[in-house]
Amino acid sequence: MDIEEFRRAGYQAIDRICDMYYAMQDSKRPVVSQAEPGYLRQALPASPPEKGEDYALIADDYQKLIVPGLTLWQHPSFFAYFPTASTFEAILGDLYATSVPNPGFNWSCSPASTELEAVVMDWSAQMLGLDPAFYNTSGVGGGVLQTTASDSALVAIVAARARYTSLHPSVALEDLVVYTTTQTHSLGAKAALVLGLACRSLPVKAEENFALRGEILKVALKEDHAKGKRPFVLVATVGTTSSGAVDRIDEIGAVVSEVPGMWMHVDAAWAGIALACPEYREFCQLDAINTYADSFCTNFHKWGLVNFDASTLWVRNRKHLTDALDITPEFLRTKHGDAGTVIDYRNWHLALGRRFRSLKVWFVLRGYGVEGFRTYIRRSIGLNETFADLVRGSSVLELVTTPSLALSVIRVSPSISKMSAQELNVLNRVFWSRVSSRPEIYLTQTDLNGVFCVRFAVGSLMTTEEHIKQAFNILTEEAEEALRLYHSTPPA
Numbered sequence: 001m002d003i004e005e006f007r008r009a010g011y012q013a014i015d016r017i018c019d020m021y022y023a024m025q026d027s028k029r030p031v032v033s034q035a036e037p038g039y040l041r042q043a044l045p046a047s048p049p050e051k052g053e054d055y056a057l058i059a060d061d062y063q064k065l066i067v068p069g070l071t072l073w074q075h076p077s078f079f080a081y082f083p084t085a086s087t088f089e090a091i092l093g094d095l096y097a098t099s100v101p102n103p104g105f106n107w108s109c110s111p112a113s114t115e116l117e118a119v120v121m122d123w124s125a126q127m128l129g130l131d132p133a134f135y136n137t138s139g140v141g142g143g144v145l146q147t148t149a150s151d152s153a154l155v156a157i158v159a160a161r162a163r164y165t166s167l168h169p170s171v172a173l174e175d176l177v178v179y180t181t182t183q184t185h186s187l188g189a190k191a192a193l194v195l196g197l198a199c200r201s202l203p204v205k206a207e208e209n210f211a212l213r214g215e216i217l218k219v220a221l222k223e224d225h226a227k228g229k230r231p232f233v234l235v236a237t238v239g240t241t242s243s244g245a246v247d248r249i250d251e252i253g254a255v256v257s258e259v260p261g262m263w264m265h266v267d268a269a270w271a272g273i274a275l276a277c278p279e280y281r282e283f284c285q286l287d288a289i290n291t292y293a294d295s296f297c298t299n300f301h302k303w304g305l306v307n308f309d310a311s312t313l314w315v316r317n318r319k320h321l322t323d324a325l326d327i328t329p330e331f332l333r334t335k336h337g338d339a340g341t342v343i344d345y346r347n348w349h350l351a352l353g354r355r356f357r358s359l360k361v362w363f364v365l366r367g368y369g370v371e372g373f374r375t376y377i378r379r380s381i382g383l384n385e386t387f388a389d390l391v392r393g394s395s396v397l398e399l400v401t402t403p404s405l406a407l408s409v410i411r412v413s414p415s416i417s418k419m420s421a422q423e424l425n426v427l428n429r430v431f432w433s434r435v436s437s438r439p440e441i442y443l444t445q446t447d448l449n450g451v452f453c454v455r456f457a458v459g460s461l462m463t464t465e466e467h468i469k470q471a472f473n474i475l476t477e478e479a480e481e482a483l484r485l486y487h488s489t490p491p492a
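Every letter in the sequence shown is one number past the one before it in UniProt numbering, and letter 441, counting from 1, is 441.
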């Protein structure tokens with residue numbers, strides 16, 4: 001393909017992408033792919049072509065074979081997991097970024113890549129209200145773009161381990177313990193698994209809105225120290241996946257600060273973007289984050305208008321990262337790096353090379369502005385409140401816990417007959433099996449301390465109040481049918 005062929009193909013690609021976005025405005029367009037497992041292998045040759053094929057054929061096969069296998073995360077009726085952002089500004093930023101094959105492992109690779117990242121991380125920190133200690137301009141702390149919140153947590157835990165072992169050289173690695181809660185994302189347990197460390201999940205209670213409290217942490221620390229174990233890092237959460245719970249960062253931060261060398265990483269992968277709105281900063285414990293957190297993560301590719309992937313990680317002291325991760329062979333040495341006058345971001349994460357992610361973040365920050373972020377967040381939360389109000393007025397659906405920002409958790413709960421907890425779970429699994437088979441809507445299930453329930457997360461830019469009402473009507477229809485089926489064939 002030459003330059004002019006690329007130009008024509010690019011026009012066609014943009015046209016087809018736009019057509020797809022127009023098509024998603026049709027409420028009957030399936031959210032979930034209807035493909036069966038193995039469909040693509042059956043449609044493709046068993047071996048790669050010996051000779052290059054005409055690009056027009058490749059582009060048409062994308063439409064014919066790939067598009068039907070896509071679940072549309074940007075669809076207005078996508079309410080599963082958490083939203084994955086999709087904005088045209090970010091798409092274009094990504095396009096420009098991929099046009100320059102820049103591995104970005106040091107400043108010299110391409111100064112714009114490193115310097116733009118340092119700037120947009122500071123811009124983002126300002127927008128979210130983070131303490132200036134986390135700014136790159138502080139010269140002590142700073143921010144870096146990672147792939148996902150799982151990578152951010154892993155990097156933070158690596159840094160935490162290095163700091164703790166340097167302060168406590170006599171402590172054996174097998175005695176180190178990563179603390180999470182029973183509602184923490186699996187990223188905490190996975191990081192411990194990767195690093196070969198023990199992980200302990202601390203209990204949280206429904207009556208506390210599934211938030212970790214300081215007293216629970218105190219008891220756990222006392223128990224583990226008595227056993228000779230050394231908890232060295234706590235993964236706290238602002239906006240848990242299952243319920244949107246916010247750990248009491250103020251209480252647990254005060255406890256962690258009393259343990260020499262213990263680190264607190266705050267995972268706010270979804271909810272952290274809400275800090276852009278001043279009215280949600282108290283709910284999200286911003287003051288406590290600024291006081292106690294050693295590291296803080298939020299994903300701009302979830303609720304932050306930037307296409308996947310773009311996970312932001314800030315640390316209070318960048319030296320803890322570089323002490324743990326700096327490997328600089330001779331072929332990577334540069335004049336500016338040796339002089340310490342630039343950031344070499346390869347030492348702030350696990351990989352050597354890195355994508356030019358900051359470009360799409362820059363496009364979005366400039367295209368929307370802080371007020372645009374706030375408008376989007378407030379609108380998402382308002383739509384979720386509309387949904388929650390509909391559930392509150394329902395005779396067959398109920399909220400399992402207090403709605404959190406743009407997330408509600410529901411279940412079927414008949415108001416007339418009495419059911420045991422086990423019977424309710426069976427009923428709700430029937431409900432879920434019916435909801436999950438509907439192609440025009442997508443939600444996900446969860447378990448809250450033994451209660452089986454269904455999550456409803458708002459976040460697509462294209463979602464309107466009409467989509468919320470349509471979703472509620474579908475859920476009501478399936479709840480009523482689940483009740484009918486359950487009562488007609490009760491379990492043995």
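Note that the Cβ used here is the ideal one computed from N, Cα and C, for glycine as well.
Inter-residue spacing [alpha-carbon to alpha-carbon] between residue i and residue j
i           : j           : result
residue 440 : residue 17  : 20 Å
residue 180 : residue 49  : 49 Å
residue 411 : residue 97  : 44 Å
residue 205 : residue 102 : 47 Å
residue 91  : residue 301 : 12 Å
residue 72  : residue 457 : 15 Å
residue 248 : residue 427 : 33 Å
residue 288 : residue 253 : 7 Å
residue 112 : residue 104 : 9 Å
residue 276 : residue 334 : 37 Å
residue 296 : residue 267 : 6 Å
residue 482 : residue 127 : 45 Å
residue 292 : residue 371 : 28 Å
residue 474 : residue 148 : 33 Å
residue 39  : residue 261 : 52 Å
residue 489 : residue 424 : 14 Å
residue 391 : residue 480 : 14 Å
residue 29  : residue 331 : 53 Å
residue 217 : residue 448 : 20 Å
residue 434 : residue 443 : 11 Å
residue 60  : residue 99  : 23 Å
residue 170 : residue 58  : 60 Å
residue 167 : residue 194 : 23 Å
residue 274 : residue 7   : 39 Å
residue 66  : residue 255 : 51 Å
residue 303 : residue 51  : 43 Å
residue 337 : residue 115 : 14 Å
residue 453 : residue 380 : 21 Å
residue 63  : residue 53  : 16 Å
Expected contact under 8 Å - CB spacing of residue i and residue j to nearest Å
i           : j           : result
residue 361 : residue 120 : 5 Å
residue 395 : residue 145 : In fact, because the Cβ distance is near 47 Å, the residues do not count as touching under 8 Å.
residue 400 : residue 364 : The pair is not a contact, with the Cβ atoms about 34 Å apart (cut-off 8 Å).
residue 244 : residue 413 : Incorrect: roughly 19 Å between the Cβ atoms, too far for contact.
residue 211 : residue 246 : 6 Å
residue 460 : residue 75  : 6 Å
residue 235 : residue 153 : 6 Å
residue 129 : residue 136 : Between residue 136 and residue 129 the Cβ distance is about 16 Å, and since that is not below 8 Å, they are no contact.
residue 387 : residue 468 : 5 Å
residue 31  : residue 78  : 5 Å
residue 107 : residue 344 : 6 Å
residue 272 : residue 238 : 6 Å
residue 307 : residue 23  : Wrong, their Cβ atoms sit about 19 Å apart, outside the cutoff.
Cβ neighbour criterion (16 or more within 10 Å) applied to residue i
i           : result
residue 265 : buried
residue 258 : exposed
residue 305 : buried
residue 402 : exposed
residue 486 : buried
residue 3   : exposed
residue 93  : buried
residue 231 : buried
residue 219 : exposed
residue 397 : buried
residue 251 : buried
residue 44  : exposed
residue 188 : buried
residue 420 : exposed
residue 327 : exposed
Would you say the region 315-330 touches the region 169-182, given that touching needs at least three Cβ pairs under 8 Å?
The region 315-330 vs the region 169-182: no contact.
With a cut-off of 8 Å, do at least 3 Cβ pairs link the region 341-354 to the region 369-384?
Verdict: no, contact absent.
In the region 199-266, which residue ranges form an unbroken alpha helix (DSSP H) of at least 4 residues, counting only runs that do not cross its ends?
Segments of the alpha helix (DSSP H) lying fully in the region 199-266: 214-226 and 249-256.
Taking only runs that begin and end inside the region 434-470, name each unbroken beta strand (DSSP E) of 3 or more residues, in chain order.
Within the region 434-470, the complete beta strand (DSSP E) runs of at least 3 residues are 444-448 and 451-457.
Curious, which full-length beta strand (DSSP E) runs of at least 3 residues does the region 307-394 contain?
With a minimum length of 3 residues, the continuous beta strand (DSSP E) runs that stay inside the region 307-394 are 311-315.
Whole beta strand (DSSP E) elements within the region 153-206, 3-residue minimum
As far as the region 153-206 is concerned, its whole beta strand (DSSP E) runs of at least 3 residues are 176-181 and 198-202.
Complete runs of the beta strand (DSSP E) confined to the region 99-149 [at least 3 residues]:
142-146, all fully within the region 99-149.
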